[in-house]
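Here the structure is laid out as structure tokens; the discussion comes afterwards.
Residue numbers (my numbering), protein chains in the order written: chain A, 903 to 1078; chain B, 14 to 291.
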């Protein structure tokens, strides 16, 4: 990856982190905050494949962990798995309709939140499985589904993968 | 052969990253790296502070505008209600000032500690936590202003929480509504003891360990007990009893507590320069 592209990726991560910590912190939908950091591994998994999705998940997760009191490293673990899983899913086999990106992001976000709470409980933070978990899951999944197409577009710009005919269609990763 | 290498590389990367994450969780959880992680976290808070302030300055008036426009009617009635309450409280304040002086003199003579005598640092709330799994707020002051980890935080009327991360210019306060928060409380004329546990953002506190025969009434005030090794000083109001009841066959009452401080709309708080006695 050239220095320019690396700079673009860092810029994108910084913008999303700022949006999450400075804007989403003040926004509650039915008591739950959206989780934009989780969108990063999903978007990179979609446009750049499993390996880069996982790597982005690890970095974004560690950054997210810096600002919360939940076990350090938990977001890194969950985001890595989510980025990898999204990258492994062959999104373009589904026909590449416009709905593939939002749907993938919705399902992956819901799975990510549940995995986060489940693993949190497994390492001794039982209170993370509280009664609002369903609301949190739905809010994070729906918001990420809506924001996925523009984020995927930004991820594609950051990785310099060019624009495809429809900007929500996953581009074939260079790895395949 | 090239094909095999291509298909196994992502899995190898995944394995390395997952192992790295699990190692970090384990090390952090066992507390070996607490000082390292806390210093990285506090550096991150400091580095992020200017960005957050700038974005907040732009975003807050816009948010307030929509909030105000949407709630204009309720703000008017709230204003009228507050005026009435204000005049009533002014009378009350005059009456209690006398009692307060007598009380302070008595405490001084008996050499007893009291929450109101502890020096405080005023601070502004600059952010809420963006996490769905903890209830915390961020203050605009940190170690430079004399704030340190473990210090209790109060708003004008009651307990808010305690400082869990203190960086140079910022500090993070874990609210009493956080599910990991437990506060020792004292209530009633007999000074009964119990524990108030957080149940998440916006939910009332749950009070445990009150035996069925102990009288508890709706509206009773509960304050910090300040027993030995307590993480809070004694006598700070926490909340008023919201609901009571004894579930059939239970050995304790089911009591919920509404925090006195309006934890959802905190703007200014005071950090008490008090450290738990170890």
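Ideal Cβ placement from N, Cα and C applies to all residues, glycine included.
Predicted model only: the values in this text are computed from it and were never measured.
Counting contacts by CB-CB distance shorter than 9 Å, is residue 1051(A) in contact with chain B? Chain B, which has no Cβ nearer than 9 Å to the Cβ of residue 1051(A), makes this no.
Test: residue 1003(A) CB closer than 9 Å to a CB of chain B: By this cut-off, residue 1003(A) is not an interface position.
Would you say residue 207(B) reaches chain A, if we count a Cβ-Cβ gap shorter than 9 Å as a contact? no
Is there a Cβ from chain A that is less than 9 Å from the Cβ of residue 65(B)? Using beta-carbon distances, residue 65(B) counts as an interface residue toward chain A, with a partner under 9 Å.
Are the beta-carbon atoms belonging to residue 974(A) and residue 958(A) less than 9 Å from one another? no
Is there at least one Cβ from chain B nearer than 9 Å to residue 937(A)'s Cβ? yes
Can you tell which of 966(A), 939(A) and 949(A) has its C-alpha closest to the C-alpha of residue 344(B)? Because chain B here runs from 14 to 291, residue 344(B) falls outside it and cannot be looked at.
Which residues, taken in chain order from the region 1025-1042 of chain A, show a beta carbon closer than 7 Å to some beta carbon of chain E? Note that chain E does not occur in the displayed structure, where the protein chains are A and B.
Residue burial classification, residue 917(A) (beta-carbon count within 10 angstroms, cutoff 16): exposed
Partner residues on chain B for residue 925(A), Cβ-Cβ distance less than 7 Å: Residues of chain B passing the Cβ test: 68 and 72.
Can a CB atom of chain B be found closer than 9 Å to the CB of residue 995(A)? Model confidence at residue 995(A) stands at a pLDDT of 49, short of 50, so the residue's coordinates are unreliable and nothing is read from them.
Using the Cα positions of residue 260(B) and residue 233(B), report the straight-line distance between them to the nearest angstrom. 20 Å
Mapping DSSP to helix, strand and coil, what is residue 151(B)? strand
Among the residues of its own chain, which have a CB less than 6 Å from the CB of residue 914(A), if the five just before and after it don't count? 1056 and 1060
Check residue 197(B) in the structure and name its three-state DSSP category. Note: residue 197(B) maps to strand in three-state DSSP.
So what does DSSP say about residue 1053(A), is it helix, strand or coil? helix
Short Cβ contact (9 Å threshold) for residue 176(B) with residue 167(B): no
Beta carbons nearer than 7 Å to chain B: which residues of the region 966-977 of chain A have them? 968, 969, 970, 971, 972, 973, 974, 975 and 976
Contact residues within the region 124-157 of chain B, judged by C-beta distance below 8 Å to chain A: 140, 141, 142, 143, 144, 145, 146, 147 and 149
Could you give the residue range of the beta strand (DSSP E) that holds residue 281(B)? 281-285
Along chain A, in chain order, which residues have C-beta atoms closer than 9 Å to that of residue 45(B)? None at all; the shortest Cβ gap to chain A is about 12 Å.
Buried or exposed (CB count within 10 angstroms, at least 16 for buried), residue 36(B): Exposed is the call here.
Taking contact to mean 3 or more Cβ pairs, one atom from each stretch, closer than 8 Å, check whether the region 238-251 of chain B and the region 142-158 of chain B are in contact. no
Can you give the Cα-Cα distance for residue 73(B) and residue 282(B), rounded to whole angstroms? 19 Å
From the DSSP output, read off the bridge partner residues of residue 51(B). Bridge partners of residue 51(B): none, in fact.
Could you spell out where the beta strand (DSSP E) holding residue 250(B) opens and where it closes? 250-256
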